[in-house]
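Here the structure is laid out as structure tokens; the discussion comes afterwards.
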Amino acid sequence: MNYKSVTGTRDVLPDEQPYWRFIEKKIYEITSLYGYQRVDPPVFEQTRLFIRGVGETTDIVEKEMYTFLDKGKNSITLRPEFTAGVMRLYLQNGMHVLPKPVKLFSIGPIFRYERPQAGRFRQHTQFNVEALGELDPAIDLEVMSIAWQLYAELGFKGLTFQLNSTGCPECRPKYIETLKAYYKNHIDVICDDCKRRLDRNALRLLDCKKDSCQPVIAKAPVISEHLCDECRDHFQTLQSYLNLMGRPYTINHKLVRGLDYYTKTVFEVWAQGIGSQNAVCGGGRYDGLVEQLGGQFTPGIGFGSGIERIILSMKEQGIEPDPILSPIVMIAHSGEAGRKKAVEMTFKLREQKMPTLLSFGERSLKSQLREANRRQVKFVVILGEREIGENIAAIKDLHEGKQVDIPLDETIKFIAEKVKL
RNA sequence: GUGGGCGUAGCUCAGUUGGUUAGAGUACCAGGUUGUGGCCCUGGAUGUCGCGGGUUCAAAUCCCGUCGCUCACCCCA
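Residues 77 to 497 (this note's numbering) make up the first sequence, in order.
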């Protein structure tokens, strides 16, 4: 084999397409139900947008971006997430004059240079939702509900949100100091990774999976008990809304997200069947981001959901997507006149929106029938010497195993009626 | 970036302590029906045994290197 797909990328073959269609269809239905409009920012942006938007010290920016110089010597980066690009799109196109909240969604590929594993790829596809300009926790509920309803309508069972609040620039730094102080008293028992986290990204200390660190995490100060009044109110109101709607959720004190811009609400939806990953969906509130990128203060909340992970999880749970319609008629033929008639009839049937296949070349009727069977069509129209001579078509129903002769000029009508049934 | 497992036919895999022309299932093609699919029967085609080097009379098998895939860690959808 001379050429292979690049590490961490994958081919989506016909067998998997029904999943994609099914999911996309549900996304369109639900976003329009909630009043979200689609936007498509470009796949690449100026590198500095992501550095500023995602955060200089995040893993994504430090080691996972596909960054290159184009021929004009501009530093370009394939998007490692949607939010920064959507914020840029919002500002550049003056969308801040629209009635708030501005509610947007996107679907498209995301690129991160990571080691691939089950449920993780270097190119994956995200369904992304953003709501801008609204502080009311009801918008948090709305955004979370989009994710919820999508998975519910796809057929997922036993859904639960993982929920936490990461505070705001007011209360979070104070909490981080408290957390650091606590950890410094236990520095002799924590793992090397955690020692590094203590300096660089203290919130991630809580997410360590090493057994030896668990006792320390268990007794660590909890952020929800260190929130400022505003953040605590927001968090409590959101919980009351979730209770009202009967949406199950688990307060997860260890849930911190890897991007710098999150404030207040952070959440994930977990699923089975995606290897050691568990999130099909992750998101939260980012009230300072638009300002950070040069706009006016504009609160926002959103999430990203990985479609490949949704599909893996659907397969795991045995959820079948709606099938894609395949051709139901095939035209077989023999002899010069039959062949001509077959070409003509194929295209006429397609003009009538009848999904039709033409048998190509000069082959035995047996081999044409075999192909028809393999392609799972229901009807085969046979146009051979006998049929042409008698000005008829033989129509064989492969499911029933029955065959009838129909006058040539009535065959299209005959099939059209059969197919309707 | 770190660690484990694995690279044999289009696909899924077998290949015993190194030993003749490397196998099975499935898919594919043909015949069994000189105009009729599926099921069944018979036959056929298909491989640089990932790549490079080494050990040996002899390597798919052992050793080294390399590339790739995969799972996990970090992190994330």
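Each residue gets a CB set at the ideal place from its N, CA and C atoms; glycine is no exception.
*asked:* Please state whether the Cβ-Cβ distance between I491 and L425 is less than 8 Å.
replied: yes
*asked:* Can you give me the C-alpha to C-alpha distance between V205 and K179, rounded to a whole angstrom?
replied: 8 Å
*Where A408 sits in the DSSP three-state scheme*: In the displayed model, A408 falls within a strand according to three-state DSSP.
_Reference G460, options R439, E476 and A194, closest by Cα_ = R439
*Do you know how far the Cα of D398 is from the Cα of P249?*
49 Å
*Kindly give me the distance between the Cβ atoms of A278 and L255, rounded to whole angstroms, as I take these residues to be in contact under 8 Å.*
Confirmed, about 5 Å.
*Quick one: any contact between the region 405-423 and the region 376-389, if contact means 3 or more CB pairs under 8 Å?*
no
*With DSSP run on the structure shown, which of helix, strand or coil describes S443?*
helix
*Residue range of the alpha helix (DSSP H) that H475 falls in?*
Premise fails: H475 is in no alpha helix (DSSP H) and is neither H nor E.
*Between the Cα of T339 and the Cα atoms of C307, G322 and P192, which residue gives the shortest distance?*
C307
*Taking 8 Å as the cut-off, decide whether the C-beta atoms of T159 and Y362 are in contact.*
yes
*Can you name the start and end residues of the beta strand (DSSP E) that P324 belongs to?*
From DSSP, P324 is part of no beta strand (DSSP E); its letter is neither H nor E.
*Is there contact here, the region 212-224 with the region 183-198, by at least three beta-carbon pairs under 8 Å?*
Contact between the region 212-224 and the region 183-198 is absent, because fewer than three Cβ pairs lie under 8 Å.
_CA-to-CA distance, F379 to L38, given in whole angstroms_ = The structure shown has nothing for residue 38, since the chain only spans 77 to 497.
*If you draw a straight line from the C-alpha of I458 to the C-alpha of K101, how long is it?*
For I458 and K101, the distance between alpha carbons rounds to 37 Å.
*asked:* In the DSSP assignment, the alpha helix (DSSP H) including K496 goes from what residue to what residue?
replied: For K496, the enclosing alpha helix (DSSP H) stretches over residues T487 to K496.
*From T201, L165, T107 and K176, pick the residue whose C-alpha is nearest to that of L499; which is it?*
Residue coverage of the chain in this structure runs from 77 to 497, which leaves residue 499 outside it and unanswerable.
*Pick helix, strand or coil for Y142, following the three-state DSSP scheme.*
Correct three-state label for Y142: strand.
_Within 10 Å of its beta-carbon, does D473 have 16 or more other beta-carbons around it, so buried, or fewer, so exposed?_
exposed
*Stretch-stretch touch, CB-based, cutoff 8 Å, three pairs: the region 135-149 with the region 251-271*: Taking a cut-off of 8 Å for Cβ pairs, the region 135-149 and the region 251-271 do not touch, as fewer than three such pairs fall below it.
*asked:* With H, G and I counted as helix, E and B as strand and the rest as coil, what does DSSP make of T134?
replied: coil
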